[in-house]
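Everything below concerns the one structure shown next.
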Amino acid sequence: TMLVTWLGEQITERGIGNGVSMIIFAGIISRLPASIKELIEDYFINVDQSDIWLNAIFMALLVIAVLIVITLVTYVQQAERKIPIQYTKRVAGAPTSSYLPLKVNAAGVIPVIFASSFITTPNAIIQALGSSYKGETWYEVVQTIFSYNTVPGAIIYTVLIVAFTFFYAFVQVNPEKLAENLQKQGSYIPSVRPGKGTEEYVSRLLMRLSTVGSIFLGLVALLPIIAQMAWNLPQSIGLGGTSLLIIIGVALDTAKQLEGLMLKRKYTGFIN
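The numbers in the sequence shown follow this note's numbering, run straight up by one, and end at 282.
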């Protein structure tokens with residue numbers, strides 16, 4: 011764990027993107043071929059000939075669902091609320107008004123990564139202890155609570171995603187510092203008092219946006235797990251929502267960072 015954390019920090023400092031997120035991204039991508047192979051074997055090879063057409067329809071619906079989720083996640087990750095900003099000091103050639111963008115999901119995919127770690131770590135620890143504790147009450151309780159495949163585990167996982175979304179949104183966007191910086195720059199939000207009034211306004215707005223973002227993240231992560239438990243689907247489908255959130259989020263953040271670096275070097279960007 012220490013080695014991976016160190017590698018993540020090195021990637022963040024010397025490379026492109028968030029190091030830890032990039033490592034998790036690479037891990038998910040590396041497991042995709044095995045997951046696809048498992049689905050093909052379960053639905054097209056190890057089945058009766060009479061079920062192949064039904065399974066083909068199911069797989070087609072699954073692909074459509076994945077494409078819809080990718081579109082929705084991309085839209086929500088890039089959606090933002092533009093807060094108008096006015097400047098009290100006029101500088102020749104400078105605009106007198108602008109806007110402050112607040113993302114609907116300011117926390118990004120970090121809440122999903124944190125929640126996944128909180129769920130998987132206790133299970134990994136008790137499995138490392140060996141089978142000597144199997145059968146004991148506390149062992150079974152821990153396995154039930156910290157598992158994606160149980161109702162308590164799925165509920166805890168969703169609650170953690172929602173909680174971390176609110177927490178990390180206020181880490182990413184600090185309303186107090188934001189209000190202070192606006193005041194120092196001689197700018198303000200129309201109809202909002204500078205200083206404390208701006209801080210409270212941004213906090214309320216961030217809470218509303220984070221509510222939408224947390225519900226969206228929770229649903230995308232939870233619905234595939236519910237489908238997996240209800241229809242006894244492969245575990246790769248149950249964790250598909252979480253994997254898609256991480257893959258798309260990391261890909262978008264990395265693309266934006268690359269765009270910024272290219273524009274900084276006076277090259278034409280590739281996003282627009």
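We put the beta carbon where it would ideally sit given N, CA and C, even for glycine.
Inset, instruction - Using beta-carbon positions only, say whether Tyr85 and Gly196 come within less than 8 Å of one another. - result: Cβ atoms of Tyr85 and Gly196: not closer than 8 Å.
Inset, instruction - Return the chain-ordered ranges of every alpha helix (DSSP H) run that is complete within the segment 141-197 and spans a minimum of 4 residues. - result: 147-155, 161-182 and 185-194
Inset, instruction - Please state whether DSSP places Ser201 in a helix, a strand or coil. - result: coil
Inset, instruction - In the DSSP assignment, find the beta strand (DSSP E) that holds Arg91 and state where it starts and stops. - result: Residue range Glu90 to Tyr97 is occupied by the beta strand (DSSP E) that includes Arg91.
Legend entry - Cut-off 6 Å between Cβ atoms - residues of its own chain near Glu186, not counting five sequence neighbours on either side: Glu209
Legend entry - Asn6 versus Ile123, Ile50, Glu150 and Ile247, residue with shortest Cα-Cα distance: The displayed coordinates of the chain run from 11 to 282. Any statement about residue 6 would go beyond what the structure contains.
Legend entry - Buried or exposed (CB count within 10 angstroms, at least 16 for buried), Gly228: Residue environment analysis places Gly228 among the buried positions, since at least 16 neighbouring C-beta atoms fall within 10 angstroms of its C-beta.
Inset, instruction - List the endpoints of the continuous alpha helix (DSSP H) containing Asn285. - result: Since the first residue shown for the chain is 11 and the last is 282, residue 285 is missing from the structure and cannot be characterised.
Legend entry - C-beta contact flag for Ser108 and Ile95 at 8 Å: At a Cβ-Cβ threshold of 8 Å, Ser108 and Ile95 count as neighbours.
Inset, instruction - Using three-state DSSP, classify Pro244 as helix, strand or coil. - result: coil
Inset, instruction - Report back the beta-carbon spacing between Ile258 and Gln88 to the nearest angstrom; my notes put them in contact at under 8 Å. - result: That belief does not hold up - the Cβ atoms of Ile258 and Gln88 are roughly 10 Å apart, past 8 Å.
Inset, instruction - Quickly, what does DSSP pair Leu112 with across the bridge? List them, please. - result: Arg91
Legend entry - Thr252 versus Lys113: straight-line alpha-carbon distance, rounded: 20 Å
Inset, instruction - Label Val181 either buried or exposed according to how many other C-beta atoms from any shown protein chain fall within 10 Å of its C-beta, with 16 as the threshold for buried. - result: The Cβ neighbour count for Val181, taken over all protein chains shown within 10 Å, is under 16; the residue is labelled exposed.
Legend entry - Nearest residue (CA-CA) to Leu243, options Asn159, Leu262 and Thr221: Asn159
Inset, instruction - Flag this pair as touching only if the segment 197-206 and the segment 164-177 have three or more C-beta atom pairs under 8 Å; answer yes or no. - result: no
Legend entry - When Leu232, Asn184, Gln238 and Gly223 are compared against Ser213, the one with the closest alpha-carbon: Nearest C-alpha to Ser213 among Leu232, Asn184, Gln238 and Gly223: Asn184.
Inset, instruction - Count the other C-beta atoms from every protein chain shown that fall within 10 angstroms of the C-beta of Ile235, then say buried if there are 16 or more, exposed otherwise. - result: It is buried - the Cβ of Ile235 has at least 16 other Cβ atoms within 10 Å.
Inset, instruction - Could you name the residues of the same chain whose beta carbon sits closer than 7 Å to that of Ala125, not counting the 5 residues immediately before and after it, in chain order? - result: Tyr167, Leu170, Ile171 and Phe174
Legend entry - Gly25, enclosing alpha helix (DSSP H) - first and last residue: Counting along the chain, Gly25 falls outside any alpha helix (DSSP H), and DSSP gives it neither H nor E.
Inset, instruction - Check Asn56 in the structure and name its three-state DSSP category. - result: coil
Inset, instruction - Have a look at Val83, Trp16, Val161 and Asn115 and flag the residue whose alpha-carbon is nearest the alpha-carbon of Ala237. - result: Val161
Inset, instruction - Starting from the C-beta of Pro111, find all residues in its chain whose C-beta is less than 7 Å away, skip the five residues before and the five after it, and write them out in chain order. - result: Glu90 and Lys92
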